[in-house]
Amino acid sequence: MPRHALHRWLALRSSHGDFSWYHRRFQHADARLTWVCGHNKSPEHLVLCRHSQRHFLHWPKRPAARPHNRATAVAYLGSLTPTDFVELLDCTQFYTRYCTR
């Protein structure tokens, strides 16, 4: 697994990363709390973001329906293997094109 994907994978699985609730909890005054698209930074936003959902037909292990809330997003992300996760990142380009910081 490439290092950039491993970083995202570990942050997603542990919920310790560049997420708005994490920055609020530890009072990081200089942290950016929203993605470029305007939504709060959260682990599940990777699959809930409208930009990622445009590529839904190409997702690995694509569920029958698009994730539409936190529970379905977390369930989908939890079902992915590391290889599937890398494929999802490549397919959606979420961190490289849409929500870069």
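Just so you know, our numbering puts 70 at position 69 of the sequence shown, and the rest follows in order with no gaps.
Note that the Cβ used here is the ideal one computed from N, Cα and C, for glycine as well.
Note that the coordinates shown come from a computational prediction; the quantities given were computed from them, not determined experimentally.
Would residue i be called buried (16 or more neighbouring beta carbons within 10 Å of its own) or exposed?
| i | result |
| --- | --- |
| Phe86 | buried |
| Arg63 | exposed |
| Cys100 | buried |
| Pro83 | exposed |
| Tyr44 | A small correction: the amino acid at residue 44 is Pro; Tyr does not occupy that position in the sequence shown. Buried, because 16 or more other Cβ atoms sit within 10 Å of the Cβ of Pro44. |
If you draw a straight line from the C-alpha of residue i to the C-alpha of residue j, how long is it?
| i | j | result |
| --- | --- | --- |
| Leu7 | Leu81 | 13 Å |
| Thr73 | Leu89 | 16 Å |
Taking the alpha helix (DSSP H) that residue i belongs to, which residues open and close that run?
| i | result |
| --- | --- |
| Tyr99 | Element bounds for Tyr99: n/a, residue is neither H nor E. |
| Ser53 | Arg51 to Gln54 |
| Ser15 | Arg4 to Ser15 |
| Gly79 | Arg71 to Ser80 |
| His29 | Looking at the DSSP string, His29 is not in any alpha helix (DSSP H), and its letter there is neither H nor E. |
### Query
Taking three-plus beta-carbon pairs below 8 Å as touching, is the region 11-28 in contact with the region 50-63?
no
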